[in-house]
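Participant: Numbering (the numbering used here), first residue to last: 1 to 501.
Yeah, the Cβ is synthetic: ideal placement off N, Cα and C, and Gly gets one too.
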């Protein structure tokens, strides 16, 4: 049940506001296992909508779902040096395969005689186990491309956790594809990034920047990492999705070759791409306010809640004569509707609960409305309400849902535009980065300069933007050459710096 003790405001303590909102809106809670979370039914319903929308898009682009083992032999991770170095400190290791009763009667203990010949790693990501499998699937160019995705959980040992944003175990999808040519693999990686960007903007109502990661920020083992970056309301960046061009690194590590049309053996070209329950954190921090969640209608598990206001069940029955057909008419349009006939809470309690949970549209009808043929309609995004004629309410609600979707996207986009600034000197950068937002700066392209900036300011290069992005109103200098703000060396274009989650 919702707890209506007032949320800490974003202005007072943004981090505390986020942590409270996740729990009070019944999205998730800490579990008995340190660093792991319980995703509650309402939170999981949102994740299911994310899954369904993405899964449909994956299948429309020719991908199929599969499932690969949770446990990975340690030796597999040793085959790709850069990859294992990237994940070594985050791996959870299985060393034994059996428990036994403690001879002293103190429960169970690990059986020392059950030690595994080779330790198994709980997957931090699946490239190694999948490419060991692809070796069995690929022998000829006729076997390519392989376009597989899996929905799964992963484990990356985290000591400092925050629900959805950083937990030891989290849910995600990971696509892993195999191609005959470099060009096909690069095209695939870019295509999937565009799928993520379209989903983020049209379903989650989150404006994102598309670009490529700097070498220092690439996925371990990738030749290029393409990314979408979003700005949260505190001005910090959040990586909302990545797609990786892996080259032939994993094919060579696992000796995955194919006989080409020219009758020559060649190594396969690879990609991987994924998004996770971190998107839940992005959703909350992009749109929500001091009253609770604000959910985009395209993603909300309940798009419209109908609350009859009654004292006696006879009153409820009379209201439902009008409200039940209304709910069915809305459902016929594909709108997700709930009619709350519970008499366990007051209407005021219900209103506050659905506001906290971010339901986009609330309809309420009492006895006087019934007499006047009117109904009250409230919008979650603007917190406004009005009493309107019951006639035409179905079309009114359908139009309002689309207005809300566009409104919260535009609000987030305006915030990003207002908080994106060009900076030309390192001294100015050090001051501006404290204010948050995206800073567009010239950089000399070296790891040394990037690491110096990170060490001194905590800011990282979020992406090297692609030309298809409009980053700031009236800004036409992003792709002009200049001089690095730190070293004065030549720079081909500006890059996006920010403090990130």
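Enumerate in chain order the residues of its own chain whose CB-to-CB distance from residue 487 is below 7 Å, with the five nearest sequence positions on each side excluded.
Facilitator: Answer for residue 487: 444 and 449, listed in chain order.
Participant: Below 8 Å, how does it come out for the region 451-462 and the region 423-434: are there three or more Cβ pairs, yes or no?
Facilitator: Cβ pair count under 8 Å is three or more, so yes.
Participant: Check for me: the alpha helix (DSSP H) holding residue 52 runs from which residue to which?
Facilitator: Element bounds for residue 52: 41-60.
Participant: Can you tell me which of the three DSSP states residue 480 falls into?
Facilitator: It is coil, neither helix nor strand.
Participant: Could you tell me if residue 279 is buried or exposed, where buried requires 16 or more neighbouring beta carbons within 10 angstroms of its beta carbon?
Facilitator: Residue 279 comes out buried.
Participant: How far does the beta strand (DSSP E) with residue 229 in it extend, from its first residue to its last?
Facilitator: Its beta strand (DSSP E) spans residues 224-231.
Participant: Tell me which same chain residues have a C-beta within less than 7 Å of the C-beta of residue 1, skipping the five on either side of it?
Facilitator: Caution is warranted here: a pLDDT of 45 is assigned to residue 1, below 50, making its placement in the model unreliable, and no coordinate value can be reported.
Participant: Tell me whether residue 140 sits in a helix, a strand or coil according to DSSP, three-state version.
Facilitator: Three-state DSSP puts residue 140 in a strand.
Participant: Spatial neighbours of residue 327 within its chain, please: C-beta separation below 7 Å, excluding the five flanking residues on both sides.
Facilitator: Answer for residue 327: 306, 337 and 339, listed in chain order.
Participant: Report the option in 187, 259 and 301 whose CA atom is closest to the CA atom of residue 513.
Facilitator: No answer is possible for residue 513: the residues shown for the chain start at 1 and end at 501.
Participant: Just reading off the alpha helix (DSSP H) that residue 180 is part of, what are its end residues?
Facilitator: Segment: none, residue 180 is in no alpha helix (DSSP H) and carries neither H nor E.
Participant: Which partner residues does residue 289 have in the DSSP bridge list?
Facilitator: Beta-bridge pairing links residue 289 to 292.
Participant: Taking the C-alpha atoms as reference points, what is the distance between residue 90 and residue 482?
Facilitator: Distance between the alpha carbons of residue 90 and residue 482 is about 39 Å.
Participant: Just to confirm the assignment, what range does the beta strand (DSSP E) spanning residue 95 have?
Facilitator: Here the beta strand (DSSP E) through residue 95 covers 92-96.
Participant: Where does residue 83 fall in DSSP's three states?
Facilitator: Here residue 83 sits in helix by DSSP.
Participant: Near residue 297, which residues of its chain fall below 6 Å by C-beta distance, leaving aside the five closest residues on each side in sequence?
Facilitator: Here the set comprises 303, 360, 401, 404 and 405.
Participant: Since residue 123 and residue 154 should fall inside the 8 Å C-beta cutoff, what is the C-beta to C-beta distance between them, to a whole number of angstroms?
Facilitator: That belief holds up - the Cβ atoms of residue 123 and residue 154 are roughly 5 Å apart, short of 8 Å.
Participant: Have a look at residue 375 and residue 365 and give me their C-alpha separation to the nearest angstrom.
Facilitator: Whole-angstrom Cα-Cα distance: 5 Å.
Participant: Between which two residues does the alpha helix (DSSP H) holding residue 17 run?
Facilitator: Here the alpha helix (DSSP H) through residue 17 covers 14-24.
Participant: Between 373, 409, 57 and 416, which has its C-alpha nearest residue 392's C-alpha?
Facilitator: Measuring from the Cα of residue 392, the nearest candidate turns out to be 373.
Participant: Taking the beta carbon of residue 368 as the centre, do at least 16 other beta carbons fall within 10 Å, making it buried, or is it exposed?
Facilitator: Exposed.
Participant: At what residue ranges does the region 360-399 contain a whole run of the alpha helix (DSSP H), taking only runs of 4 or more?
Facilitator: 367-372, all fully within the region 360-399.
Participant: Which same chain residues, not among the five before or five after residue 72, have their C-beta less than 7 Å away from its C-beta?
Facilitator: Only 120, 121, 123, 128 and 129 meet the Cβ criterion.
Participant: What distance in whole Å lies between the Cβ atoms of residue 423 and residue 439, which are believed to be in contact at a cut-off of 8 Å?
Facilitator: Sure, about 5 Å apart at Cβ, within 8 Å.
Participant: My output table needs one value for residue 73: the three-state DSSP class, helix, strand or coil.
Facilitator: Strand, per DSSP.
Participant: Between 14, 285, 356 and 218, which lies nearest to residue 416 when the distance is taken from Cα to Cα?
Facilitator: It is 285 whose Cα lies nearest to the Cα of residue 416.
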